[in-house]
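Taking it in order: structure first as structure tokens, then the write-up.
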């Protein structure tokens, strides 16, 4: 074999393969980066919308409470210069009720037009109480009174979100507070005073942390100066309240992103530091310009560049091994194919040389005069006549046979005499006039043997009796020797094919029969035993009675006939024990001597079962929540997107259920996270046993779960949700006992998208929580 030519061809084909693999990786890298960025943008936009809606909803509730307090004040006719004590006492009682019901206001006060407190309700330890008249104070010089009285009637003013200060010191534990106020005018339009409520923002910030807990990046809530109120690094929060501590502002680290938030109320920005998603939130509800709103809050979601790269390479890690495996597999197959091509060309050249030699010898044999003899039909077949060229064959001259006593049987090798006799008797019994003997050996004077091909013509007398034979004798010794060399050559080719480690076979394109098969294929598919001559490829490897077809099981022969080039397909085969194996089938055409017609193909099978199983395992890990072994949020988002697309195409409806285990944080704090995990696992088992087989259950984050219920209407959805809620309520967990859950659900509408459907279900869940939890709401 020409090794140098093999290496040249291998490098010639390998370089384009390397270039193609590099281009493929570059394309996969860019597509994956775009997809990861788009997914992060979508996740950030959805989360920003959820947080914005959550905060705006909380502020709207405060606005509603201010309107309620204002109406109560006006109904008691206190908007006059004279304010009877009994009416004030009645109003105090009402405001105490509001403070205790809402449980979110530290103080509710009314300050008259001079800043003097007329009513002050203090709320502490779940109890509200009115401050005695003698302890009421003047607040005329406080900034919030000045700002409040200058606010137009009907508008709401709010202070910055900061920490409450008592006696010129920050109150401990920290008490985040926002003051909201509204102006009260008398009947004559003059200022009567202001109602001020001190909103305890701890629950608001806790909700912010809860909603953003599962976010891929960093979620921050900022004030108008860029100081963090809530951030991943709690040590930097409220830095503006502690002048002596090291100051950390977003403007120092993320100046470009911060400038963008001041110019727009909401948006997204992608730069060298990562992905930013921002929203302005105005607690007063006036939606002031970002640059003019000192009391506004800014939501900033930041996915660092490093995290984007990590997610990018995590995604690429699913495809890079397969790409590298494909490259090395192609490189190996290319090397093996070129190696066998060189070997085949060498063998073909050797066979052509041998055939030419045999052809030359055969032509010489045919062109030479044959030997003619006449035999009597007696014992031993005595020779009556034989041509003179017998001397060239046996070293006997013709005179040696002139006596007629030398028998032909004496020249036949004893190993073939019995068969020769049997063939003669069979021809005689059949009444044949001409017949041929199989090649046999005759022995010359020096004991040298020669292969003979003989044709006999029967001699009969007038009565039809067989009296003798005319025989034409040809020396076929060179031909037999050539056949023996050809047989050895075929054996050599079989040995070469048997050295190939992968199962390899040559298949006829018309009959699908195997013309050549190596030992590896026999070991894999037939227990190492030889096969029947007429067995087909599909019978051997697929254990079936008809050829492969279809997209899932493509036939290499059909593909090669269409493309007229080598092809590669993946098949599911069965070994000799009936086990399923996944095989990479590489098929190459074999052309006839003209180079135009495909007569056979050669297939090589590579077992890739472990690779296929590994891909399935990696897919399962990527889609499954590690604790509960149900779908995670990423897989759920994909399922929800598919369901909405399916609903829009088919006009079929489905329901979406969101549930949240009530007071789950208390379970973790009281019994520990291990017990909390058990509660989550038990709840998932309970839900799986209650939902339908067609429903999709996923963990949304923390103690929140999502259920997609296909083909369901509102009535059925409400029934399903209530049955799940009752099941959770009645189940008794070890040590923890019974727990409850709040549910929000809705049926998809024709105009819905992912955002609108999630927002509606989230609002339904929020309503369930606001009404006391352990209930369900279906919109």
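In the numbering used here, the protein residues as written are 52 to 830.
By construction, the Cβ of each residue, glycine as well, lies at the ideal position given by its N, Cα and C atoms.
Remember, predicted model here, so these are calculated numbers, not experimental data.
- Inside the stretch 604–689, DSSP marks whole beta strand (DSSP E) runs of 3 or more residues at positions 618–625, 631–642, 649–658, from first to last along the chain.
- By the neighbour-count criterion, in which a residue is buried when 16 or more other Cβ atoms sit within 10 angstroms of its Cβ, residue 497 is exposed.
- Burial check for residue 362: the Cβ neighbour count within 10 Å reaches 16 or more, so the residue is buried.
- Scanning 770, 561, 779 for the CA closest to the CA of residue 738 turns up 779.
- Pairing residue 391 with residue 554 gives a Cβ-Cβ distance that is not under 8 Å.
- Excluding residues up to 5 positions away in sequence, 156, 157, 158, 228, 230 lie with their Cβ nearer than 7 Å to the Cβ of residue 249 in the same chain.
- By the CB criterion at 8 Å, residue 522 and residue 484 fall outside the cutoff.
- Counting along the chain, the unbroken alpha helix (DSSP H) around residue 72 starts and ends at 54–126.
- Among the bridge pairs identified by DSSP, residue 594 is matched with none.
- Considering only 827, 75, 732, 808, the residue with the shortest C-alpha distance to residue 375 is 75.
- Going by beta carbons, residue 774 and residue 795 fall outside the 8 Å limit.
- Ranked by Cα distance from residue 579, the first of 215, 432, 628, 490 is 628.
- Excluding the 5 residues flanking it on each side, residue 494 has same chain C-beta neighbours closer than 7 Å at 462, 464, 500, in chain order.
- In this structure, residue 815 sits away from residue 713, with a CB-CB distance that is not shorter than 8 Å.
- Between the stretch 605–621 and the stretch 635–655, the count of C-beta pairs closer than 8 Å reaches three or more; the two stretches touch.
- Taking a cut-off of 8 Å on C-beta distances, the stretch 794–812 touches the stretch 90–103, as three or more cross pairs fall below it.
- The three-state secondary structure of residue 244, taken from DSSP, is strand.
- Rounded to whole angstroms, the gap between the alpha carbons of residue 114 and residue 334 is 9 Å.
- One thing to note: residue 145 has its Cβ no nearer than 8 Å to the Cβ of residue 247.
- A distance below 6 Å between beta-carbons, with the five flanking residues on each side excluded, links residue 741 to the following residues of its chain, in chain order: 775, 778.
- Sixteen is the threshold: when 16 or more other Cβ atoms of the shown chains lie within 10 Å of the Cβ of residue 471, as they do, the residue is buried.
- Each residue's CA atom was taken as its position, placing residue 441 and residue 428 some 21 Å apart.
- In the three-state scheme derived from DSSP, where H, G and I count as helix and E and B as strand, residue 521 is classed as strand.
- Three or more beta-carbon pairs drawn from the stretch 676–686 and the stretch 722–737 are found closer than 8 Å, and the two stretches are therefore classed as touching.
- In the same chain as residue 269, and ignoring 5 residues on each side of it, the C-beta atoms closer than 6 Å to its own belong to 283, 353, in chain order.
- The shortest CA-to-CA distance from residue 539 to any of 398, 798, 514 is the one to 398.
- Runs of alpha helix (DSSP H) with 4 or more residues, each lying fully within the stretch 681–738, are found at 684–701, 715–722, listed in chain order.
- Looking only at 625, 238, 783, the smallest Cα-Cα distance to residue 634 is reached by 625.
- The C-beta of residue 190 has 16 or more other C-beta atoms within 10 Å across all chains shown, which makes the residue buried.
- Counting the other Cβ atoms within 10 Å of the Cβ of residue 706 gives 16 or more, which makes it buried.
- Annotated three-state conformation of residue 823 is coil, per DSSP.
- Taking all protein chains shown into account, residue 140 has fewer than 16 neighbouring C-beta atoms within 10 Å of its C-beta and is therefore exposed.
- A check of alpha carbon separations from residue 137 across 151, 208, 170, 109 identifies 170 as the nearest.
- Per the DSSP secondary-structure output, residue 349 pairs in a beta bridge with 273, 331.
- Bridge pairing for residue 796: 708, 829 [DSSP].
- Around residue 698, the same chain offers 704, 705, 799 as residues with beta carbons nearer than 7 Å, after the five sequence neighbours per side are excluded.
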